[in-house]
Amino acid sequence: MLGYKDLPYEVLQPGEFYYELLVTGRLKIDPSKKIKETVTLQDPCNIIRRAGAAEKFRYIVNQTCENFVEMYP
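So for the sequence shown, the UniProt record's numbering puts the first residue at 1; every next one is plus one.
So this is what it looks like as structure tokens:
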């Protein structure tokens with residue numbers, strides 16, 4: 001990133017950031033505010049190549065939506 005090898009701070013993708021907030025309890029989801037409609041997720045290929053990203057996205061969706069349906073090609 002811009003020629004820097006070691007940044008003095010951690011850089012996270014938005015999905016990783018929200019995952020960390022949810023897992024650590026710093027972001028709490030009110031169960032009554034969860035999305036009630038059916039929700040699917042299209043994995044962003046470049047991010048999914050990083051280990052564990054798919055599971056993190058699914059965790060976020062499952063925490064914020066009542067009816068997550070996996071998409072298959």
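Virtual Cβ for every residue (Gly too), placed ideally from N, Cα, C. Predicted model, so just to flag it, every value in this text is computed and none were measured.
Ends of the alpha helix (DSSP H) at residue 35?
Position 35 of the sequence shown holds residue 35. Note, residue 35: premise wrong, no alpha helix (DSSP H); beta strand (DSSP E) at 35–39.
By how many angstroms is the C-alpha of residue 36 removed from the C-alpha of residue 11?
Taking the sequence shown and counting its residues from 1, one reaches residue 11 at position 11. Taking the sequence shown and counting its residues from 1, one reaches residue 36 at position 36. Distance between the alpha carbons of residue 11 and residue 36: 32 Å.
Below 6 Å CB to CB, which residues in the same chain sit around residue 18 once its five sequence neighbours on both sides are set aside?
For the purposes of this step, residue 18 is taken as the residue at position 18 of the sequence shown. Closer than 6 Å at Cβ, skipping near neighbours: 60.
Roughly how many whole angstroms lie between the Cα atoms of residue 54 and residue 48?
Within the sequence shown, the letter at position 54 stands for residue 54. Within the sequence shown, the letter at position 48 stands for residue 48. Cα-Cα distance, rounded: 6 Å.
According to DSSP, what are the bridge partners of residue 65?
Within the sequence shown, the letter at position 65 stands for residue 65. Beta-bridge pairing links residue 65 to 35.
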